[in-house]
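Residue numbers (our numbering): 306 to 687.
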Ligand code: COS
C-alpha cells in the first residue's frame with residue numbers, strides 16, 4: 306500500500322534518525338564482534354522494521370515497493386549488516402509466503418514474521434546450484450501426508466537465527482530443470498534439520514550465512530508453498546522483488562560514501578588547499594554522484610512500475626546490475642579520495658568497500674543479471 310506523503314516523510318525521518326543515532330555509532334563494534342546487540346534487535350522490532358513489506362492485516366506496514374525502496378536507501382547509509390538482520394523477513398524470507406501462501410499459511414506465520422518473533426530464511430542455493438539455481442538437488446519425496454526432505458543448502462542468510470525456511474527442493478526427479486522444483490515452508494525445529502557454523506566472510510560482519518542440512522526432515526503437505534513444480538517460479542518472483550530492494554540499499558551506501566568523501570575533502574588539506582579544490586578529485590565526486598543518481602532513477606522508476614502491476618523482471622535485473630556495480634566503483638573512489646586514511650580502518654571506508662562487494666554476487670551475480678536483461682530484451686524485440 307502506498308503511504309500518503311506525510312506518513313512517508315515521517316517514516317523516512319524516523320528510519321534516518323535511527324540509522325544516524327543508533328546504528329552508525331555501533332558500526333565498528335558490530336563488525337569487530339561479528340554480532341548484533343540483542344537490545345538493538347528489539348529496537349528494530351519495535352520500529353516495525355521486520356514487517357515493512359508484510360500486509361497490514363497480518364500486522365506489517367504493507368509498504369509499496371517504492372516506499373520500501375525509499376526506506377532501504379536510508380538503511381543503506383550505515384553498515385549493510387544491520388539491514389540484513391531483518392532483510393530476510395522483509396524480502397526473500399517472507400515474500401514467497403506473501404505471494405504464493407494460502408490464507409492458513411499466512412495466518413500461521415506472517416504475524417510473527419511482521420513482529421520479528423519469527424525470523425525467516427530463503428534456502429535456494431546449494432553446492433551445485435548457485436547461479437544455476439534450477440539445478441536444485443535437495444529432494445522432497447512424498448510419503449503419505451508429508452514430504453521427506455534430504456539435501457544441503459549453502460550460504461543461507463540468517464540461517465543461524467531462522468525459525469522458518471522457504472526451501473526449494475526437487476519433487477520430480479524425472480524433470481531435471483526448473484519444472485521439477487517445489488517450494489516448502491520448513492520450521493527450524495523439525496527433527497533432522499541442522500544448521501552449520503556461520504561462514505567467515507569478507508565483509509558485512511554481524512550478518513551471518515550458514516549451511517542448512519536436511520536429513521529425512523518430514524514436512525507436512527500443507528506446508529508446500531504453491532503447487533508442485535512451481536517452486537522455481539516462486540524463487541524467481543521473490544528474487545525479482547529482492548533485486549530492487551538490494552538496488553536501493555546500494556544507492557544508500559553510495560550516498561553515504563559520497564557524503565563522507567565530501568566532508569573529508571573539505572577538511573583535509575594538501576599543497577595548502579582543501580582536497581575539494583582539486584579537479585581530478587572533483588571528477589571522481591562528479592562520477593560517483595552521476596552514477597548514484599542514475600541508479601536511483603532506474604530503481605525508483607522500476608519500483609513504481611512494479612507497484613502498478615507490471616512485470617519488472619528485466620528492469621529489476623538492470624537496476625541490481627547497475628546499482629551494485631555502481632556502489633563498487635563509488636566505494637573504490639572513496640578509498641582513493643581518502644588515500645591512506647581510506648585504506649586503514651579508522652574512517653570505516655575500507656569496511657564499506659568490503660561490505661559492498663557481495664552486492665555484485667548475491668541475489669544473482671552481475672553476469673546472471675546480464676543474462677536476464679539480454680534474454681528479456683531479445684524476447685521483447687528491443
Ligand atoms: N518470474 C517468473 N517466472 C520465471 C522468472 C521470473 N522472473 N524467471 C524464470 N521464470 C520461469 C520461466 O518462465 C520458465 O518457465 P517455463 O518453463 O514455464 O517456461 C522457468 O521459470 C525456467 O526459467 P529459465 O528457463 O529462464 O531457467 P534457467 O535455468 O535458464 O535460469 C536464471 C534462469 C539463470 C535467470 C536463474 O537461474 C537465476 O536467476 N539464477 C540466479 C539465482 C540467484 O539469484 N541466486 C542467488 C541466490 S538466492 S539469495
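Ideal placement from N, C-alpha and C gives every residue a C-beta, glycine not left out.
All values derive from a computational prediction rather than experimental measurement.
1. Starting from residue 404, trace the alpha helix (DSSP H) in both directions and tell me its first and last residue.
2. The ligand COS and residue 668: does any heavy atom of the ligand fall closer than 6 Å to the residue's C-beta?
3. In this structure, what does DSSP give as the bridge partners for residue 277?
4. Taking contact to mean 3 or more Cβ pairs, one atom from each stretch, closer than 8 Å, check whether the region 436–452 and the region 669–685 are in contact.
5. Is it buried or exposed, residue 649, if we count other Cβ atoms within 10 angstroms and call 16 or more buried?
6. Under 8 Å: do the region 348–361 and the region 384–395 share three or more Cβ pairs, one atom per stretch?
7. Is there at least one non-hydrogen atom of the ligand COS closer than 6 Å to the beta-carbon of residue 677?
8. What first and last residue would you give for the alpha helix (DSSP H) that runs through residue 395?
9. Under the three-state reduction of DSSP, which class applies to residue 619: helix, strand or coil?
10. Considering only residues of the same chain and omitting the five flanking positions on each side of residue 594, which have a CB-CB separation below 8 Å?
11. Give me the residue from 625, 531, 596, 582 with the minimum Cα distance to residue 546.
12. Taking DSSP as the reference, what is the three-state secondary structure of residue 423?
13. With burial defined as no fewer than 16 other Cβ atoms inside 10 Å of the residue's Cβ, what is the status of residue 683: buried or exposed?
14. Check the DSSP bridge columns for residue 458 and list the partner residues they point to.
15. Please determine, among 326, 464, 323, the residue with the shortest C-alpha to C-alpha distance to residue 502.
16. May I ask which residues mark the beginning and end of the alpha helix (DSSP H) holding residue 489?
17. So what does DSSP say about residue 667, is it helix, strand or coil?
18. Can you tell me whether residue 618 sits near the ligand COS, meaning its C-beta is under 6 Å from at least one heavy atom of the ligand?
19. Between residue 575 and the rest of its own chain, which residues show a CB-CB distance below 7 Å, the 5 nearest in sequence each way excluded?
20. For residue 495, I'd like the list of residues in its chain whose CB is within less than 6 Å of its CB, leaving aside the five on either flank, ordered along the chain.
21. Buried or exposed, going by whether 16 or more other CB atoms sit within 10 Å of the CB of residue 516?
22. With DSSP as the reference, please indicate the residues paired to residue 524 in a beta bridge.
23. With DSSP as the reference, identify every bridge partner of residue 574, one or two as the case may be.
24. Does the beta carbon of residue 438 fall short of 6 Å from some heavy atom of the ligand COS?
25. So residue 628 and residue 552 are supposed to be a Cβ contact under 8 Å. How far apart are they, rounded?
26. If you draw a straight line from the alpha carbon of residue 348 to that of residue 425, how long is it in whole angstroms?
27. Using 10 angstroms around the beta-carbon of residue 584, count the other beta-carbons present and answer buried if the total reaches 16, otherwise exposed.
28. Does the pairing of the region 415–429 with the region 465–478 give three or more beta-carbon distances under 8 Å?
29. Does the distance between the C-beta of residue 420 and the nearest non-hydrogen atom of the ligand COS fall short of 6 Å?
30. At what residues does the alpha helix (DSSP H) containing residue 595 begin and finish?
31. Between residue 367 and the rest of its own chain, which residues show a CB-CB distance below 8 Å, the 5 nearest in sequence each way excluded?
32. Tell me the rounded alpha-carbon separation between residue 460 and residue 579.
33. Would a C-beta distance cut-off of 7 Å place residue 608 and residue 403 closer than the cut-off?
34. Assign residue 473 to one of three DSSP states: helix, strand, or coil.
35. Within 10 angstroms of the Cβ of residue 447, are there 16 or more other Cβ atoms? Answer buried if so, exposed if not.
36. Near residue 479, what residues of its chain come up, given a Cβ to Cβ distance below 8 Å and the 5 sequence neighbours on each side ignored?
A quick look at the data gives this:
1. 400–405
2. yes
3. Because the chain in this structure spans residues 306 to 687, residue 277 falls outside the shown range and cannot be described.
4. yes
5. With fewer than 16 other beta carbons inside 10 angstroms of its own, residue 649 counts as exposed.
6. yes
7. yes
8. 385–395
9. helix
10. 563
11. 625
12. Residue 423 sits in coil when the DSSP states are folded into three classes, being neither helix nor strand.
13. exposed
14. 517
15. 464
16. No alpha helix (DSSP H) contains residue 489, which is instead part of the beta strand (DSSP E) from 486–492.
17. coil
18. yes
19. For residue 575, where only same-chain residues beyond five positions count, there are no Cβ hits under 7 Å.
20. 522
21. buried
22. Answer is 452, bridged to residue 524.
23. 579
24. yes
25. 4 Å
26. When only Cα atoms are considered, residue 348 and residue 425 end up about 18 Å apart.
27. exposed
28. yes
29. no
30. 584–612
31. 306, 358, 359, 360, 361
32. 44 Å
33. no
34. In the structure shown, residue 473 sits in a strand (DSSP, three-state: E or B).
35. Exposed, because fewer than 16 other Cβ atoms sit within 10 Å of the Cβ of residue 447.
36. Hits under 8 Å: 485.
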